[in-house]
Each structure stands twice: as C-alpha cells, then as structure tokens.
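K.L.:
Residue numbers (the numbering used here): 1 to 147. This is the structure I have questions about; it appears just below.
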Amino acid sequence: TLTNTLLGREKMKTAQVRETDSRGRHTTTSRVLIPLPQGGCLIDTPGMRELKLVGEEDLADKVFEDIEALAEHCRFRDCAHLNEPGCAVQAALEAGELDEARWAHYVKLRDERDAAATTLAARRQEARQAPKGARPRPGGKDKYGRR
Numbered sequence: 001t002l003t004n005t006l007l008g009r010e011k012m013k014t015a016q017v018r019e020t021d022s023r024g025r026h027t028t029t030s031r032v033l034i035p036l037p038q039g040g041c042l043i044d045t046p047g048m049r050e051l052k053l054v055g056e057e058d059l060a061d062k063v064f065e066d067i068e069a070l071a072e073h074c075r076f077r078d079c080a081h082l083n084e085p086g087c088a089v090q091a092a093l094e095a096g097e098l099d100e101a102r103w104a105h106y107v108k109l110r111d112e113r114d115a116a117a118t119t120l121a122a123r124r125q126e127a128r129q130a131p132k133g134a135r136p137r138p139g140g141k142d143k144y145g146r147r
C-alpha cells in the first residue's frame with residue numbers, strides 16, 4: 001500500500017487485488033492519523049474520497065504570507081493575480097522571485113476555499129427557501145421526536 005511504502009515498513013493490513021477488475025480491496029475499517037518518518041502525517045479515512053477545509057477561510061493568507069505581502073503592492077485592490085496590469089505577484093513570478101510551484105499551490109488552495117464557500121452559501125440559501133415543515137430540525141428528529 002501507499003501507506004506502507006511511505007512508512008518503509010508493513011504497518012497497514014493489505015489484501016490481494018481483485019482479478020475481475022485489478023483493483024485493490026478495502027481492508028481498513030477505521031480512521032487513523034499516521035505520523036510519517038520524513039515529516040508530515042497521513043490520514044487514512046476509509047470510505048471518504050476527500051477532505052476539505054472548513055472554517056479556515058484565511059488559511060491561505062497565513063500559510064502564504066509572502067504572496068499576500070506581494071499582493072499588497074498590486075495596482076488594483078481586487079487583483080486576481082492572473083493577467084491584470086500592475087500585478088506585483090505576476091511580476092515576481094516573471095522575475096523568478098516567486099516559485100511557480102508555490103504559486104500553483106496557493107491558487108489551488110484559494111480555488112478550493114472559494115468553491116467550498118460557494119457550496120456552503122448555496123446550501124444555506126436552499127435551507128432558507130425550503131418550506132418550514134421541510135427544514136431539518138435540530139437533533140435530526142421530526143416534530144414527533146422520531147429520526
């Protein structure tokens with residue numbers, strides 16, 4: 001498994017690959033956080049395809065302070081740092097002062113954050129527009145106390 005390869009030892013249980021479709025079988029049944037010897041952590045979450053950041057809207061600003069500092073020198077306050085004239089971030093990229101891989105990570109995190117915020121706003125709007133009886137009740141129970 002990827003986990004065992006990253007750890008350099010057999011920690012996680014593995015199973016044979018299915019002959020019918022050459023895909024692996026799921027063997028883990030619980031969530032686990034695994035510290036890696038080279039630094040960082042691996043999260044094994046069986047059944048979950050992805051994890052998203054929620055409630056950390058300013059995370060990109062904290063992690064990428066260098067890019068945020070450059071952005072303060074852009075000509076336009078609402079600069080998207082793509083192709084606007086007077087963009088300090090694009091100038092730093094062109095001059096080799098900002099690593100392109102770091103910039104790509106910043107853009108990816110920013111786009112994921114924006115997409116999550118849009119999805120959350122849409123869900124809240126749908127909940128507000130739903131008829132009162134169709135709205136989920138606190139605790140997940142109906143008006144008679146049933147789930």
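Built from N, CA and C at the ideal position, the CB exists for glycine as well.
For the beta strand (DSSP E) containing V17, list its first residue and its last residue.
P.N.:
For the purposes of this step, residue 17 is taken as the residue at position 17 of the sequence shown. That residue, V17, is in no beta strand (DSSP E); it is neither H nor E in DSSP.
K.L.:
Taking the continuous alpha helix (DSSP H) assigned at D21, which residues delimit it?
P.N.:
On the sequence shown, residue 21 is found 21 positions in, with the first residue counted as 1. That residue, D21, is in no alpha helix (DSSP H); it is neither H nor E in DSSP.
K.L.:
Output needed for G8: all residues of its chain with C-beta closer than 8 Å, excluding positions within five of it in sequence on either side, in chain order.
P.N.:
Position 8 of the sequence shown, counting from 1, holds the residue named residue 8. Contacts found: P37.
K.L.:
Measure the alpha-carbon distance for R124 versus G96 and round it to whole angstroms.
P.N.:
As a first step, residue 124 is located in the sequence shown; it is residue number 124 there, counting from the start. As a first step, residue 96 is located in the sequence shown; it is residue number 96 there, counting from the start. About 42 Å.
K.L.:
Helix, strand or coil for L36 per DSSP?
P.N.:
Reading the sequence shown from its first residue, position 36 is the one you call residue 36. L36: coil per DSSP, three-state reduction.
K.L.:
Under a three-way DSSP split, which group does K44 fall into?
P.N.:
Numbered from 1 along the sequence shown, position 44 holds the residue referred to as residue 44. A quick correction: the sequence has Asp, not Lys, at residue 44. It is a strand residue.
K.L.:
In whole angstroms, what separates the C-alpha of T119 from that of D44?
P.N.:
As a working note, residue 119 is residue 119 in the sequence shown. As a working note, residue 44 is residue 44 in the sequence shown. Looking at the two C-alpha atoms, the distance is approximately 25 Å.
K.L.:
By how many angstroms is the C-alpha of C41 removed from the C-alpha of Q154?
P.N.:
In the structure as shown, the chain starts at 1 and stops at 147, and residue 154 therefore has no counterpart that could be examined.
K.L.:
Using a threshold of 7 Å, state whether the C-beta atoms of A91 and C74 are closer than that.
P.N.:
Here residue 91 refers to the residue found at position 91 when the sequence shown is read from its first residue. Here residue 74 refers to the residue found at position 74 when the sequence shown is read from its first residue. Taking 7 Å as the Cβ cut-off, A91 and C74 do not qualify as a contacting pair.
K.L.:
I67 and L109 look like a contact to me (Cβ under 8 Å); what is the Cβ gap, rounded to whole Å?
P.N.:
The residue you call residue 67 lines up with position 67 of the sequence shown. The residue you call residue 109 lines up with position 109 of the sequence shown. Going by Cβ atoms, the distance from I67 to L109 rounds to 11 Å, so no, they are not a contact pair.
K.L.:
Can you give the Cα-Cα distance for E72 and A115, rounded to whole angstroms?
P.N.:
Numbered from its first residue, the sequence shown carries residue 72 at position 72. Numbered from its first residue, the sequence shown carries residue 115 at position 115. About 24 Å.
K.L.:
Just tell me which of T1, W103, M48 has its CA closest to the CA of L82.
P.N.:
For the purposes of this step, residue 82 is identified with residue 82 of the sequence shown, where counting begins at 1. Out of T1, W103, M48, W103 has the C-alpha closest to the C-alpha of L82.
K.L.:
Taking the alpha carbon of A101 as the reference point, which residue from K13, R23, P85, F64 has its own alpha carbon closest?
P.N.:
Along the sequence shown, read from residue 1 onward, the residue named residue 101 stands at position 101. The option with the nearest alpha carbon to A101 is F64.
K.L.:
Take the Cβ of L70 as the centre, count every other Cβ of all protein chains shown within 10 Å, and call the residue buried at 16 or more, exposed below.
P.N.:
Translated into the one-based positions of the sequence shown, residue 70 becomes position 70. Classification for L70: buried.
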